[in-house]
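This report concerns only the one structure given below.
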Amino acid sequence: MFTGIARVPRHVWDSDPVVRDDFERLIERLEGLALDVGLDPDRNICLTDNKEDVRVGISEEMDMYLREEPGTWRM
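FYI, this note's numbering numbers position 59 of the sequence shown as 442, with every residue one higher than the one before it.
Printed below as a string of C-alpha coordinates:
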(Lines of atoms letter the chains of each structure in order from A and count residues from 1; the text may use other names and numbers.)
(Lines give C-alpha, C1' and ligand atoms only; values in the text may rest on other atoms or scores of the structure.)
Protein backbone atom coordinates (compact mmCIF):
# COMPACT_ATOMS: atom_id res chain seq x y z
CA MET A 1 0.00 0.00 0.00
CA PHE A 2 1.18 3.52 -0.80
CA THR A 3 0.62 6.84 0.94
CA GLY A 4 -0.35 9.64 -1.44
CA ILE A 5 1.86 12.70 -1.11
CA ALA A 6 0.95 14.70 -4.22
CA ARG A 7 -2.11 14.83 -6.46
CA VAL A 8 -3.19 16.88 -9.45
CA PRO A 9 -6.46 16.71 -11.41
CA ARG A 10 -6.17 15.08 -14.83
CA HIS A 11 -7.16 18.24 -16.77
CA VAL A 12 -4.36 20.22 -15.09
CA TRP A 13 -1.84 17.44 -15.76
CA ASP A 14 -2.82 17.35 -19.42
CA SER A 15 -2.71 21.12 -19.93
CA ASP A 16 0.18 22.37 -17.78
CA PRO A 17 3.76 21.26 -18.55
CA VAL A 18 5.01 23.06 -15.42
CA VAL A 19 2.97 20.69 -13.26
CA ARG A 20 4.48 17.68 -15.02
CA ASP A 21 7.97 19.13 -14.51
CA ASP A 22 7.22 19.70 -10.81
CA PHE A 23 6.11 16.09 -10.41
CA GLU A 24 9.26 14.88 -12.20
CA ARG A 25 11.44 16.90 -9.81
CA LEU A 26 9.48 15.58 -6.83
CA ILE A 27 9.98 11.99 -7.99
CA GLU A 28 13.70 12.59 -8.56
CA ARG A 29 14.01 14.02 -5.02
CA LEU A 30 12.14 11.06 -3.55
CA GLU A 31 14.32 8.62 -5.50
CA GLY A 32 17.41 10.28 -4.07
CA LEU A 33 16.01 10.06 -0.55
CA ALA A 34 15.12 6.40 -1.02
CA LEU A 35 18.62 5.57 -2.21
CA ASP A 36 20.17 7.56 0.66
CA VAL A 37 18.36 5.42 3.23
CA GLY A 38 18.84 2.10 1.44
CA LEU A 39 15.38 1.70 -0.10
CA ASP A 40 14.69 0.64 -3.67
CA PRO A 41 13.02 3.59 -5.45
CA ASP A 42 11.19 1.28 -7.86
CA ARG A 43 9.49 -0.50 -4.96
CA ASN A 44 8.92 2.53 -2.74
CA ILE A 45 7.75 5.34 -5.06
CA CYS A 46 4.88 5.22 -7.52
CA LEU A 47 3.24 7.49 -10.06
CA THR A 48 -0.43 6.60 -10.51
CA ASP A 49 -2.07 7.91 -13.65
CA ASN A 50 -5.83 7.39 -14.00
CA LYS A 51 -8.90 9.06 -15.54
CA GLU A 52 -9.50 11.54 -12.73
CA ASP A 53 -6.05 12.48 -11.48
CA VAL A 54 -2.33 11.81 -11.31
CA ARG A 55 -0.74 10.97 -7.95
CA VAL A 56 2.67 10.36 -6.44
CA GLY A 57 2.83 7.89 -3.59
CA ILE A 58 5.42 6.39 -1.29
CA SER A 59 5.45 3.02 0.44
CA GLU A 60 4.47 2.63 4.07
CA GLU A 61 8.08 1.77 4.88
CA MET A 62 9.40 4.96 3.29
CA ASP A 63 6.62 7.01 4.86
CA MET A 64 7.48 5.71 8.33
CA TYR A 65 11.18 6.38 7.78
CA LEU A 66 10.57 9.96 6.66
CA ARG A 67 8.25 10.62 9.60
CA GLU A 68 10.49 9.17 12.30
CA GLU A 69 14.12 9.57 11.32
CA PRO A 70 16.03 12.82 11.72
CA GLY A 71 17.98 14.09 8.76
CA THR A 72 18.92 16.90 6.45
CA TRP A 73 16.12 15.91 4.06
CA ARG A 74 13.68 17.79 6.33
CA MET A 75 12.87 21.23 4.99
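Even glycine gets a Cβ: it sits at the ideal position worked out from N, Cα and C.
Counting C-beta atoms within 10 angstroms of its own C-beta, residue 445 has 16 or more neighbours from the protein chains shown and is therefore classed as buried. Excluding the 5 residues flanking it on each side, residue 437 has same chain C-beta neighbours closer than 6 angstroms at 391 and 396, in chain order.
Look at residue 387 here: in three-state DSSP terms it is strand. Residue state for residue 439 is assigned as strand, using DSSP reduced to three classes. Residue 432 sits in a strand when the DSSP states are folded into three classes.
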